[in-house]
Amino acid sequence: MSDADLILRFRAGQHQAFNTLVWRWQGRLYRFALRYSGDSEEARDLCQQSFIRAYGQLHRLRDPERFSTWLYQIAANLCRDHLRQRVQHVSLDAYEEASGGPHPVLYQVGDMDKVELRDLLNRALQTLPEEQRVVVVLKEYERLKFREIAEVLDAPINTVKSRLYYGLKALRKTFNQWDIDRDGL
Amino acid sequence: MDCNVKKEDLLTFFYGECEEGEQERIKEHVATCATCRRELDALASTQALLRAWPDETPRLDLTFVEAEVPRRRFPLIAGLAAAAVATVVLFLAWPEFELSYRAGELDLKWGEALADEPLSREEVLATQESTLASVNQLLRASEVRQQRVLDHLLRDIQAQRYRDLQLINRQFEQFDREIYVRLRRNEAPVLELLPATRYTNP
Numbered sequence: 003m004s005d006a007d008l009i010l011r012f013r014a015g016q017h018q019a020f021n022t023l024v025w026r027w028q029g030r031l032y033r034f035a036l037r038y039s040g041d042s043e044e045a046r047d048l049c050q051q052s053f054i055r056a057y058g059q060l061h062r063l064r065d066p067e068r069f070s071t072w073l074y075q076i077a078a079n080l081c082r083d084h085l086r087q088r089v090q091h092v093s094l095d096a097y098e099e100a101s102g103g104p105h106p107v108l109y110q111v112g113d114m115d116k117v118e119l120r121d122l123l124n125r126a127l128q129t130l131p132e133e134q135r136v137v138v139v140l141k142e143y144e145r146l147k148f149r150e151i152a153e154v155l156d157a158p159i160n161t162v163k164s165r166l167y168y169g170l171k172a173l174r175k176t177f178n179q180w181d182i183d184r185d186g187l
Numbered sequence: 011m012d013c014n015v016k017k018e019d020l021l022t023f024f025y026g027e028c029e030e031g032e033q034e035r036i037k038e039h040v041a042t043c044a045t046c047r048r049e050l051d052a053l054a055s056t057q058a059l060l061r062a063w064p065d066e067t068p069r070l071d072l073t074f075v076e077a078e079v080p081r082r083r084f085p086l087i088a089g090l091a092a093a094a095v096a097t098v099v100l101f102l103a104w105p106e107f108e109l110s111y112r113a114g115e116l117d118l119k120w121g122e123a124l125a126d127e128p129l130s131r132e133e134v135l136a137t138q139e140s141t142l143a144s145v146n147q148l149l150r151a152s153e154v155r156q157q158r159v160l161d162h163l164l165r166d167i168q169a170q171r172y173r174d175l176q177l178i179n180r181q182f183e184q185f186d187r188e189i190y191v192r193l194r195r196n197e198a199p200v201l202e203l204l205p206a207t208r209y210t211n212p
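Top to bottom, those sequences are chains V and F. In terms of the working numbering, the first sequence opens at residue 3 and continues consecutively. In terms of the working numbering, the second sequence opens at residue 11 and continues consecutively.
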């Protein structure tokens with residue numbers, strides 16, 4: 003059953019249909035919030051808040067076929083607002099970047115365990131400005147089309163492409179600075 | 011990029027989202043342009059690293075539950091029953107009134123009789139335990155919050171310390187360079203005089 007069908011059932015009074023949507027999307031939304039915010043506890047909260055907001059505003063969604071981009075839009079707005087309220091403090095990433103990388107040895111991605119790799123890539127993503135990071139996450143991890151990302155972020159499509167280009171370029175530089183090598187992938 | 015292909019177009023080509031005909035045009039261009047090929051290789055390399063992040067399935071178990079309000083079939087009877095219950099509850103909530111069931115007997119006390127009745131030892135202990143448990147919970151929550159704040163502060167201090175040390179190092183290096191330049195300047199006249207003194211010495 004598609005997302006659109008579930009939404010129609012929800013509107014017809016079968017509120018349990020919303021739970022099916024939640025169970026279907028909670029993993030993806032959590033991973034999106036995690037890569038955006040960089041913190042697993044915050045990602046959990048943001049994921050919950052996104053669904054609460056979606057539940058309250060589902061009646062306003064004109065086209066049920068657009069549920070996925072609409073849900074990402076809610077999550078992206080919540081993440082953005084949350085990060086703005088977060089207390090600004092110097093992150094250890096900036097500290098390590100100034101020193102030339104987290105460790106002065108060559109990182110062989112193939113030798114890392116999952117947790118190490120996840121942490122390293124998370125730290126690399128967090129070095130990006132927020133507007134580039136969200137585009138990289140939506141494109142590389144959520145595999146959205148450019149048109150969909152533009153809709154989620156309410157930005158022109160060329161702006162999205164430009165942010166992605168500079169975001170990937172900055173990440174390439176970070177990986178080079180940290181001597182991260184993809185051999186062994 | 012040095013060629014005339016825009017970075018946005020190359021990106022669209024890389025992700026396979028070009029308009030009809032555009033994909034072929036850029037593909038032909040890339041075959042003859044080393045700059046674009048290098049750019050595409052760099053994109054592929056970065057993408058491979060990013061996509062190595064393993065997906066994890068969190069245990070969120072989010073579920074929305076709606077409480078259903080039961081319908082009233084007999085409003086009059088329900089109303090009277092509700093009024094009776096409310097009266098009893100109000101009566102029982104009166105501070106100087108107690109209704110209890112102990113050892114098979116219903117016991118009713120009010121006013122002074124209630125004030126004189128001491129609490130049993132078990133009741134006192136149970137209340138104390140419950141209060142202690144609540145206090146412990148509050149203390150634990152407070153400790154967790156404090157620890158988070160301390161962790162953030164420690165990271166700030168470490169980062170600032172590193173920046174200060176770097177600054178001091180840079181200052182020392184600058185100082186060394188200046189001293190070296192001055193010494194060289196002072197040395198220069200002496201070095202010039204040395205050959206002259208050698209020849210005048212008998």
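Built from N, CA and C at the ideal position, the CB exists for glycine as well.
Spell out the partners DSSP gives V:I151 in its beta bridges. DSSP output for V:I151 lists no bridge partner at all.
Would you please verify whether the beta carbon of F:E18 is less than 8 angstroms from any beta carbon of chain V? yes
V:Y74 versus V:Q134, V:W27, V:G169, residue with shortest Cα-Cα distance: V:W27
Can you give the Cα-Cα distance for V:F20 and F:V40, rounded to whole angstroms? 47 angstroms
Quick one: what's got a C-beta closer than 7 angstroms to F:T22's C-beta in the same chain, skipping five residues either side? Same-chain partners within the cutoff: C28.
Under 8 angstroms between C-beta atoms, does V:Y167 make it to chain F? So yes, V:Y167 belongs to the interface.
Can you check whether the C-beta of F:D174 is within less than 8 angstroms of a C-beta belonging to chain V? no
Could you say which of V:Q134, V:F12, V:T129 lies nearest to V:L63 if we only look at CA atoms? V:F12
Outcome for V:Q134 when other beta-carbon atoms lying within 10 angstroms are tallied against a minimum of 16: buried
Determine the chain V residues that contact F:L53 at a beta-carbon separation under 8 angstroms, and present them in chain order. L170
Say yes only if the C-beta of F:E30 is nearer than 7 angstroms to one or more non-hydrogen atoms of the ligand NAD, and no if none qualify. As far as ligands go, the structure on display features none, and thus does not contain the ligand NAD.
Between V:S164 and chain F, is the shortest Cβ-Cβ distance under 8 angstroms, so that the two count as touching? yes
Measure how close the beta-carbons of V:V136 and V:Y38 come, nearest whole angstrom, since I'm counting them as under 8 angstroms. 6 angstroms
Quick one: Cα of V:Q18 to Cα of F:S130, how far? Cα to Cα, V:Q18 sits roughly 48 angstroms from F:S130.
Looking at C-beta atoms only, is the number of pairs between the region 49-66 of chain V and the region 138-145 of chain V that lie closer than 8 angstroms three or more? no
In the DSSP assignment, find the unbroken alpha helix (DSSP H) run with V:R62 in it and report its ends. Neither: V:R62 is in no alpha helix (DSSP H) and is coded neither H nor E.
Taking its Cβ as the centre, do 16 or more other Cβ atoms sit within 10 Å of V:S52, making it buried, or is it exposed? buried
Please work out which residues of its chain come closer than 7 angstroms, Cβ to Cβ, to V:F148, disregarding the five sequence neighbours upstream and downstream, and give them in chain order. I159, V162, K163
What are the residues of the region 171-203 of chain F that lie near chain V, defined by any Cβ-Cβ distance shorter than 8 angstroms? Y172, R173, Q176
Counting beta carbon pairs with one atom in the region 66-73 of chain V and one in the region 117-131 of chain V, are three or more of them shorter than 8 angstroms? With a cut-off of 8 angstroms, the region 66-73 of chain V and the region 117-131 of chain V do not count as touching, because too few Cβ pairs lie within range.
Start and end residues, alpha helix (DSSP H) containing F:A54: 44-60
Under 8 angstroms between the Cβ atoms of F:L148 and V:L123? no
Of the choices V:H61, V:D41, V:L173, whose alpha-carbon is the least far from that of V:A14? V:H61
Can you tell me whether DSSP reads F:N14 as helix, strand or coil? coil
What does V:R174 reach in chain F if we use C-beta pairs closer than 8 angstroms? A52, S55, T56
Start-end ranges of the alpha helix (DSSP H) lying completely within the region 115-149 of chain V, minimum 4 residues: 116-128, 132-138, all fully within the region 115-149 of chain V.
For V:A6 versus V:C81, is the C-beta spacing smaller than 8 angstroms? no
Just to confirm the assignment, what range does the alpha helix (DSSP H) spanning V:G29 have? 18-39
Just the C-alpha distance for F:L43 and F:R187, rounded to the nearest angstrom, thanks. For the record, residue 43 of chain F in the displayed sequence is Cys; it is not Leu. Distance between the alpha carbons of F:C43 and F:R187 is about 47 angstroms.
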